[in-house]
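Asks: Got a structure here, written out as structure tokens. Questions coming.
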Amino acid sequence: MLEILKKVIFYILIGVGIGAFIHNWIPEDFIVGVLGSGNPLGVVLATLCGVPMYADIFGTIPIALSVWGFRC
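Using the numbering used here, read the sequence shown as starting at 2 and increasing by one per residue.
In structure tokens, the structure reads:
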């Protein structure tokens, strides 16, 4: 388990860092202006912005375990 954590901790920290940046320092009005109605790529951009905010240890570790075929 510890070896898997060592493999994924870098990616977890990057995802959480990007999510924290988006959540705390980019104004809501800017996001609404970029992703608002009339933008055909709004859903794609919203997904790219939103996914890092929800990358956390509880969601990432089970996925990593299944990818590397670890069995409990």
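We put the beta carbon where it would ideally sit given N, CA and C, even for glycine.
Below 7 Å between beta carbons: does that hold for residue 23 and residue 50?
Replies: The residue labelled residue 23 in the question sits at position 22 within the sequence shown. The residue labelled residue 50 in the question sits at position 49 within the sequence shown. Yes, the Cβ-Cβ distance between residue 23 and residue 50 is below 7 Å.
Asks: Could you tell me the alpha carbon to alpha carbon distance between residue 40 and residue 52, rounded to whole angstroms?
Replies: Within the sequence shown, residue 40 is the residue found at index 39, counting from 1. Within the sequence shown, residue 52 is the residue found at index 51, counting from 1. Near 19 Å, if we compare the C-alpha coordinates of residue 52 and residue 40.
Asks: Would you mind giving the Cβ-Cβ distance between residue 5 and residue 65, rounded to the nearest angstrom? I have them listed as a contact below 8 Å.
Replies: On the sequence shown, position 4 is the one that residue 5 refers to. On the sequence shown, position 64 is the one that residue 65 refers to. About 6 Å separates the two Cβ atoms, so the contact holds.
Asks: Do you know how far the Cα of residue 17 is from the Cα of residue 37?
Replies: Looking up residue 37 in the sequence shown gives position 36. Looking up residue 17 in the sequence shown gives position 16. Their Cα atoms are separated by approximately 25 Å.
Asks: Output the distance between the C-alpha atoms of residue 29 and residue 46, rounded to the nearest integer angstrom.
Replies: By one-based count along the sequence shown, residue 29 stands at place 28. By one-based count along the sequence shown, residue 46 stands at place 45. Distance between the alpha carbons of residue 29 and residue 46: 14 Å.
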